[in-house]
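Data first, discussion second: the structure below is written as structure tokens.
In UniProt numbering, the protein residues as written are 1 to 307.
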């Protein structure tokens with residue numbers, strides 16, 4: 001790989017060098033890398049530069065340590081990929097979601113902070129039922145399902161996903177959070193979340209909570225961030241139809257089949273789709289229609305109750 005950042009060829013390119021042997025300290029290297037990322041338009045450039053260094057050598061080594069030439073070369077390669085807008089999570093192989101650390105892989109959508117709010121709403125809803133049955137439609141990496149399974153005692157959680165690549169990632173995440181010799185916290189089901197699946201037939205009218213972060217982007221609206229546009233799977237992004245709501249419509253309809261009377265649907269959507277999501281749910285017979293907001297104050301998810 002080329003080294004346009006100049007870390008291995010010229011350590012001074014990422015900060016003032018130490019007086020000993022010309023190599024920078026880790027602090028200097030991280031500051032220089034953060035400048036490179038900021039110039040490339042990377043949000044949270046300082047945090048990303050530090051996390052990539054910690055990924056290589058661990059947090060303790062950054063306090064007073066000095067990188068070797070080999071470490072600088074590897075760091076340069078990571079910074080170059082991040083400068084080209086490869087997601088941080090794909091470079092480290094991990095993502096944080098609520099209280100969990102999960103595998104991140106190009107085969108599955110990267111769960112983001114706004115979806116943590118959606119998961120929190122589902123957790124809150126599930127805690128209102130004894131021994132709740134929860135179904136996560138379009139589970140992707142399994143992030144929401146695992147958050148509920150670990151935060152809601154005695155919950156029974158199912159997760160449905162169509163993409164074979166995402167299923168593989170979700171399966172590894174479920175295994176990662178299964179106690180040795182214990183029962184998997186989530187049952188993973190391969191299939192179309194908008195269709196009647198044989199594996200869920202016994203749960204018709206039995207689910208307490210259905211949660212979903214379905215694809216919902218309209219076909220003519222590409223995501224602005226290259227990390228999303230170029231690296232998240234298209235299957236996880238575009239919701240179908242002229243308004244991007246074809247799959248969300250199917251999720252709302254399928255949830256009506258799965259939920260018990262009084263059961264709750266929590267579904268993520270785009271900010272501009274709040275009214276449309278409520279209208280679709282109303283047409284399907286739901287009541288108690290409200291729109292929840294994310295941490296930035298944007299309309300982010302539908303909450304609906306099956307009467």
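The C-beta atom is built at its ideal place from N, Cα and C for all residues, glycine as well.
Closest to residue 221 by C-alpha separation, out of 241, 211, 212, would be which residue? Here the question's residue 221 lines up with position 221 in the chain shown. It is 241 whose Cα lies nearest to the Cα of residue 221.
Starting from residue 271 and walking both ways along the alpha helix (DSSP H), at which residues does that stretch end? Counted from its first residue, the chain shown places residue 271 at position 271. Careful: residue 271 lies outside any alpha helix (DSSP H) and carries neither H nor E.
Within its chain, find whatever has a CB closer than 8 Å to the CB of residue 3; leave out the 5 residues flanking it on each side and keep chain order. As a first step, residue 3 is located in the chain shown; it is residue number 3 there, counting from the start. Its pLDDT being 37, under 50, residue 3 is placed unreliably by the model, and nothing is read from it.
Any idea what DSSP makes of residue 94, helix, strand or coil? Your numbering for residue 94 matches position 94 in the chain shown. Residue 94 falls in the strand class under three-state DSSP.
List the DSSP bridge partners of residue 186. In the chain shown, residue 186 corresponds to position 186, counting from 1. According to DSSP, residue 186 bridges with 157.
Taking Cβ positions, are residue 174 and residue 146 nearer each other than 8 Å? The count along the chain shown starts at 1 and reaches residue 174 at position 174. The count along the chain shown starts at 1 and reaches residue 146 at position 146. Contact: yes.
What does a CB cutoff of less than 7 Å around residue 133 pick up in its chain, not counting 5 residues either side in sequence? Here residue 133 refers to the residue found at position 133 when the chain shown is read from its first residue. Around residue 133: 156, 203, 206, 207, 208.
Would you tell me roughly how many angstroms separate the C-alpha atoms of residue 278 and residue 158, rounded to the nearest one? Your numbering for residue 278 matches position 278 in the chain shown. Your numbering for residue 158 matches position 158 in the chain shown. About 25 Å.
Using 8 Å as the threshold, is the C-beta distance between residue 185 and residue 149 below it? On the chain shown, position 185 is the one that residue 185 refers to. On the chain shown, position 149 is the one that residue 149 refers to. Cβ distance < 8 Å, so residue 185 and residue 149 count as in contact.
Starting from the N-terminal side, write out each stretch of the beta strand (DSSP E) that is 3 residues or longer and does not extend beyond the segment 16–86. none
Tell me which residue opens and which closes the alpha helix (DSSP H) that residue 115 is part of. Start at 1 with the first residue of the chain shown, and residue 115 comes out as number 115. 113–126 is the span of the alpha helix (DSSP H), which, as asked, contains residue 115.
Rounded to whole angstroms, what is the Cα-Cα separation between residue 324 and residue 83? Shown here, the chain extends from 1 to 307; a query on residue 324 therefore has no answer.
Round the Cβ separation of residue 137 and residue 47 to the nearest angstrom and send it over; I've been treating them as touching at under 8 Å. Along the chain shown, one-based indexing puts residue 137 at 137. Along the chain shown, one-based indexing puts residue 47 at 47. Wrong, their Cβ atoms sit about 32 Å apart, outside the cutoff.
Candidates 303, 193, 302, 286: closest to residue 251 by CA position: Position 251 of the chain shown, counted from the start, is the residue given in the question as residue 251. The residue with the shortest Cα to Cα distance from residue 251 is 193.
Just to confirm, are residue 244 and residue 218 a CB contact at a threshold of 8 Å? Numbered from 1 along the chain shown, position 244 holds the residue referred to as residue 244. Numbered from 1 along the chain shown, position 218 holds the residue referred to as residue 218. In this structure, residue 218 lies closer than 8 Å to residue 244 by Cβ.
Can you tell me whether DSSP reads residue 103 as helix, strand or coil? Sequence index remark: in the chain shown, residue 103 carries index 103 (1-based). If DSSP states are grouped into helix, strand and coil, residue 103 belongs with the strands.
Neighbour-count burial assignment, residue 310, 16 or more Cβ in a 10 Å radius: Nothing about residue 310 can be reported from this structure: the residues present for the chain run from 1 to 307 only.
Cα-Cα separation between residue 58 and residue 177, rounded to whole angstroms: What you label residue 58 is simply residue 58 of the chain shown in a count that begins at 1. What you label residue 177 is simply residue 177 of the chain shown in a count that begins at 1. Their Cα atoms are separated by approximately 22 Å.
By Cβ distance below 8 Å, which residues in the same chain neighbour residue 288 in space, the five residues on each side in sequence not counted? As a position in the chain shown, residue 288 is number 288, starting the count at 1. Taken in chain order, the residues that qualify are 303, 304, 305.
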